[in-house]
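Respectively, the protein sequence lines represent chains A and B. The numbering of the first sequence is numbering that gives the first Met the number 0, which starts it at 0 and goes up by one. The numbering of the second sequence is numbering that gives the first Met the number 0, which starts it at 0 and goes up by one. What follows is a short report on a single structure.
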Amino acid sequence: MRLKAFIARPLLVILLLLAPFARAELSLEITTEGLRQIPLAMLPFGNERDLTTAVTPIVIADLQRSGLFKQVDVSGLNPVPTESAQLKLGDWRAKQAADVLLGSVSIEKDGKIKIRYVLVDTATEQDKLSEVITVAPNQLRGAAHRIADAVYEKLTGEKGVFSTKIAYVVKDGPSYQLRVADADAFNERTILSSKEPIISPKWSPDGTRMAYVTFELKRPLVVVQNLSTGARKVVANFRGNNSAPAWSPDGKRLAVTLSRDGIAQIYTIDAEGQEQPRRLMNTRAIDTEAVFTPDGRSVLFTSDRGGSPQIYKIPLEGGAAQRITFTGNYNVSPRLSPDGKKLVFIQQNGPSFRVMLQDLDTSQLQNMSDNALDESPSFSPNGRMILYASRVNGRGVLALVSADGRVRQKFTTQAGDVYEPAWGPLP
Amino acid sequence: MNKILLSILVAGALAACSSAPPKTGASAPVSETKVAETKPAEAAEKMPEAQPLTAPAADDTPFPTKGQNGALGQRSIFYAFDAFAVTEEYKPVAVAHAGFLAGHSKAKLTLQGNCDERGSREYNLALGSRRAEGVKNMMTLSGAAAEQIEVVSFGKEKPMAEGHDESAWSKNRRVDIVYQGE
């Protein structure tokens, strides 16, 4: 039951090369209208045949998956240049390439792999990047992702997210699993198997722990799991529901929803579960789904205090809640971009539940969805992509859309439904 | 019911078997099966699977037989979308079970709140809880002791009907009455 997404036709040429290796297939839809892609010539690195895992196809797949790069034709080169001095840059300018990525690998005496790579600007003829990475032979995928991150950051000015991880829940028949995979769907592993539901996985800001809600004891409890040891702490086990964990930016506290006092209200607790919970509001309404602002001083949350669920903001020190959403009768599941300037959430419109993006400065609202049954959106840690759950042909799938709406992907599992995605932090 | 000892305390620590080997993720990606077996698999960061939590043993407590005639034989109360008040149609069910609790001081039950599949999982968890608390309020007003009634919500996680239309959804918007020991 591997996570995978399915291949789209225009990219069949590149991705077929990956097919024998891949447990993941990607569906990548790029709307070409007005999309400015950087034309990049990505040459296969020298001596990759000596490696267990070729690095260049992973770099190319990462950069292509971002939707921001267009691969310039690199066929017919003989020999393939592996150093900038070997490049005929006039030829690459003629092919409209803005930059050329090339390099080579070698196996050291101690068995480690040394990867040299260069990114050359075809216009200025300067090396924009010139680096050497040395890794163990079983870290080649990670090295490829680091190279893709470096190229991405150099050419776009944004941090790359190719070395990040995603978590999600898979339900297959009667069993539920909480899984973690690399952002390209490889190296999937199960961190919790259960016969009862699991929801709301949330990465700690440093990526070492996962908070989630488990129904293993037939009622919802909040657990924090150490990812490298598997050790778990039940941090909220009060009467009623314990759910909706959200990490404070310093990783020391969690906001949680507890119904211990008769109705869902938001409390903060220490992440070790040691203190008594501190209640944030006192309403007769449902208050839930808290998320911290990046400065850690307020939370945004869902409340139906106005009669139907809307999104509000409240300072942690206390004070009035400020309403944030005003369109429609059902706005839930708020998540903030890493810079706190954009809000993504789910809006009901008749029979449809859609991902909406709101600019918090201008209040401008944009529909990000291409479907009708969306849930649980979250931002990538560079704020460029929105990951959410959706349903396609009756099955739960994960969907990605770029914040400008131009790039979309879908991920599915071989069996069952996948939902409740959570994007991990930058490494 | 499993006879397993309770091993959880509020805010207690659970140590998983930290020497347990990582599972599926540590196996080699398909690309590496071409190479000699001595080459190591891609080192996925170790993320071992957690050990399950354990549940308390069940007691011997009285409960009304299921499927009997009348309101006491009914175990579910149903709702309209986003609604949480008990309607006139279902009041007799809440009152009948409250009467059973009032007459059997050792009886205990759990009210399980549920929602249809639409919308946020967490909001639905809260809504399911609100439905169940509403039934509890009605029961305590009808003579049951609050200590005899537990409230839990499954939100939309445990649908009774698996379809994706109003016929299925209406079956899933409900509170179930489940007695301890049955």
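Glycine included, every Cβ here is placed at the ideal spot set by N, Cα and C.
Interface residues of chain B around residue 104/A at Cβ under 7 Å? Along the first sequence, read from residue 1 onward, the residue named residue 104/A stands at position 105. The contacting residues do not exist; residue 104/A stays about 15 Å from chain B at best.
Residue interval of the alpha helix (DSSP H) (run including residue 198/A): Within the first sequence, residue 198/A is the residue found at index 199, counting from 1. Looking at the DSSP string, residue 198/A is not in any alpha helix (DSSP H); the run it does join, the beta strand (DSSP E), is 197-202.
Between the stretch 165-183 of chain A and the stretch 198-216 of chain A, do at least 3 Cβ pairs fall closer than 8 Å? yes
Just confirm the distance between the C-beta atoms of residue 160/A and residue 381/A, as a whole number of angstroms; I'd bet it's less than 8 Å. Translated into the one-based positions of the first sequence, residue 160/A becomes position 161. Translated into the one-based positions of the first sequence, residue 381/A becomes position 382. Going by Cβ atoms, the distance from residue 160/A to residue 381/A rounds to 5 Å, so yes, they are a contact pair.
My understanding is that residue 352/A touches residue 127/B, with C-beta atoms under 8 Å, so please give their C-beta distance in whole angstroms. To locate residue 352/A, count along the first sequence from 1; it is residue 353. To locate residue 127/B, count along the second sequence from 1; it is residue 128. So it is not a contact: roughly 17 Å between Cβ atoms.
Take residue 15/A and list the residues in its own chain whose beta-carbon comes closer than 7 Å to its own, dropping the five residues that flank it on each side. Taking the first sequence and counting its residues from 1, one reaches residue 15/A at position 16. In this prediction, residue 15/A scores a pLDDT of 29, lower than 50, which makes its location untrustworthy; the coordinate-derived value is nonetheless stated afterwards. For residue 15/A, where only same-chain residues beyond five positions count, there are no Cβ hits under 7 Å.
Three Cβ pairs or more, each shorter than 8 Å: is that satisfied between the stretch 316-333 of chain A and the stretch 347-363 of chain A? yes
Cα-Cα, which of 254/A, 422/A, 261/A is closest to residue 277/A? Here the question's residue 277/A lines up with position 278 in the first sequence. Checked all of 254/A, 422/A, 261/A; the closest Cα to residue 277/A is 254/A.
Nearest-angstrom Cα distance between residue 11/B and residue 148/B? On the second sequence, position 12 is the one that residue 11/B refers to. On the second sequence, position 149 is the one that residue 148/B refers to. Summary for residue 11/B: the model assigns pLDDT 38, below 50, so the residue's position carries little reliability, and this model does not support an answer.
If we count Cβ pairs, one from each stretch, closer than 8 Å, do we get three or more for the stretch 86-96 of chain B versus the stretch 128-147 of chain B? yes
Could you pull out every residue in the same chain whose Cβ sits closer than 8 Å to the Cβ of residue 153/B, ignoring the five residues on either side in sequence? Working through the second sequence from its first residue, we reach residue 153/B at position 154. For residue 153/B, where only same-chain residues beyond five positions count, the Cβ hits under 8 Å are 111, 112, 113, 124, 127.
Using the C-alpha atoms, what's the distance from residue 248/A back to residue 376/A? What you label residue 376/A is simply residue 377 of the first sequence in a count that begins at 1. What you label residue 248/A is simply residue 249 of the first sequence in a count that begins at 1. When rounded, the distance between both Cα atoms is 19 Å.
Quick one: list the residues of chain B neighbouring residue 248/A, beta-carbon separation under 8 Å, in chain order. Position 249 of the first sequence, counting from 1, holds the residue named residue 248/A. Within chain B, no residue comes near residue 248/A; the closest Cβ sits about 20 Å away, beyond 8 Å.
What are the start and end residues of each continuous alpha helix (DSSP H) run of 4 or more residues lying completely inside the stretch 68-149 of chain A, in chain order? 88-93
Just to make sure I have the definition right: I need the residues of chain A whose C-beta is within less than 7 Å of the C-beta of residue 45/B. Which are they? Counting from one through the second sequence, the residue named residue 45/B turns up at place 46. Simply 227.
Given 8 Å, three or more beta-carbon pairs between the stretch 296-313 of chain A and the stretch 199-213 of chain A: no
Helix, strand or coil at residue 81/B [DSSP, three-state]: Taking the first residue of the second sequence as position 1, residue 81/B is located at position 82. Coil at residue 81/B, not helix or strand.
If you draw a straight line from the C-alpha of residue 342/A to the C-alpha of residue 52/A, how long is it? Start at 1 with the first residue of the first sequence, and residue 342/A comes out as number 343. Start at 1 with the first residue of the first sequence, and residue 52/A comes out as number 53. Looking at the two C-alpha atoms, the distance is approximately 39 Å.
Considering just the uninterrupted stretch of the alpha helix (DSSP H) at residue 135/B, what are its terminal residues? The sequence position of residue 135/B within the second sequence is 136, counting from 1. Looking at the DSSP string, the run of the alpha helix (DSSP H) that includes residue 135/B is 120-140.
Report the residue from 271/A, 214/A, 317/A, 226/A whose alpha carbon sits nearest the alpha carbon of residue 265/A. Position 266 of the first sequence, counted from the first residue, corresponds to residue 265/A. Checking every option, the nearest Cα to that of residue 265/A belongs to 317/A.
Three or more C-beta pairs under 8 Å: does that hold for the stretch 89-97 of chain A against the stretch 408-422 of chain A? no
Residue 51/B versus residue 178/A - alpha carbon distance: As a working mapping, residue 51/B is identified with position 52 in the second sequence. As a working mapping, residue 178/A is identified with position 179 in the first sequence. Straight-line Cα distance between these residues: approximately 15 Å.
Report the partner residues of residue 76/B according to the DSSP bridge assignment. Indexing the second sequence from 1 puts residue 76/B at position 77. Its beta-bridge partners are 174/B.
Give the C-beta separation of residue 38/A and residue 79/A to the nearest angstrom, bearing in mind that I take them to be a contact with Cβ-Cβ under 8 Å. Taking the first sequence and counting its residues from 1, one reaches residue 38/A at position 39. Taking the first sequence and counting its residues from 1, one reaches residue 79/A at position 80. Actually they do not touch by this definition, with Cβ atoms about 19 Å apart.
Kindly indicate if chain A contains any beta-carbon less than 8 Å away from that of residue 124/B. As a position in the second sequence, residue 124/B is number 125, starting the count at 1. Interface residue, yes.
Which first and last residues belong to the alpha helix (DSSP H) in which residue 94/B is found? Counted from its first residue, the second sequence places residue 94/B at position 95. Taken as a continuous stretch (DSSP letters only), the alpha helix (DSSP H) holding residue 94/B covers 90-102.
Where residue 117/B meets chain A, residues with beta-carbon distance less than 8 Å: Here the question's residue 117/B lines up with position 118 in the second sequence. Going along chain A in sequence order, the residues near residue 117/B (Cβ under 8 Å) are 347, 352, 372.
CB contact flag (residue 420/A, residue 162/A, <8 Å): As a first step, residue 420/A is located in the first sequence; it is residue number 421 there, counting from the start. As a first step, residue 162/A is located in the first sequence; it is residue number 163 there, counting from the start. Contact flag unset, no.
Any Cβ of chain A within less than 8 Å of the Cβ of residue 173/B? If you number the second sequence from 1, residue 173/B lands on position 174. False, the Cβ-Cβ gap to chain A never drops below 8 Å.
Would you tell me roughly how many angstroms separate the C-alpha atoms of residue 194/A and residue 146/A, rounded to the nearest one? Here residue 194/A corresponds to residue number 195 of the first sequence, with the count starting at 1. Here residue 146/A corresponds to residue number 147 of the first sequence, with the count starting at 1. The straight-line gap from Cα to Cα measures roughly 40 Å.
Cβ-based burial, residue 108/A [other Cβ within 10 Å; buried from 16]: Residue mapping note: residue 108/A aligns to position 109 of the first sequence, counting from 1. Residue 108/A is exposed by the Cβ-count criterion.
Checking contacts by CB at 8 Å: is residue 416/A closer than that to chain B? For the purposes of this step, residue 416/A is taken as residue 417 along the first sequence, with counting starting at 1. False, the Cβ-Cβ gap to chain B never drops below 8 Å.
Cβ neighbour criterion (16 or more within 10 Å) applied to residue 434/A: For chain A, the structure presents residues 0 to 426; residue 434/A sits outside this window and is missing.
Taking C-beta to C-beta, are residue 73/B and residue 85/B nearer than 8 Å? By one-based count along the second sequence, residue 73/B stands at place 74. By one-based count along the second sequence, residue 85/B stands at place 86. No; because the gap between Cβ atoms is not below 8 Å, this pair is not in contact.
For residue 310/A, three-class secondary structure by DSSP: Position 311 of the first sequence, counted from the start, is the residue given in the question as residue 310/A. It is a strand residue.
Taking 8 Å as the threshold (C-beta atoms), are residue 418/A and residue 388/A in contact? As a working note, residue 388/A is residue 389 in the first sequence. As a working note, residue 418/A is residue 419 in the first sequence. Taking 8 Å as the Cβ cut-off, residue 388/A and residue 418/A qualify as a contacting pair.
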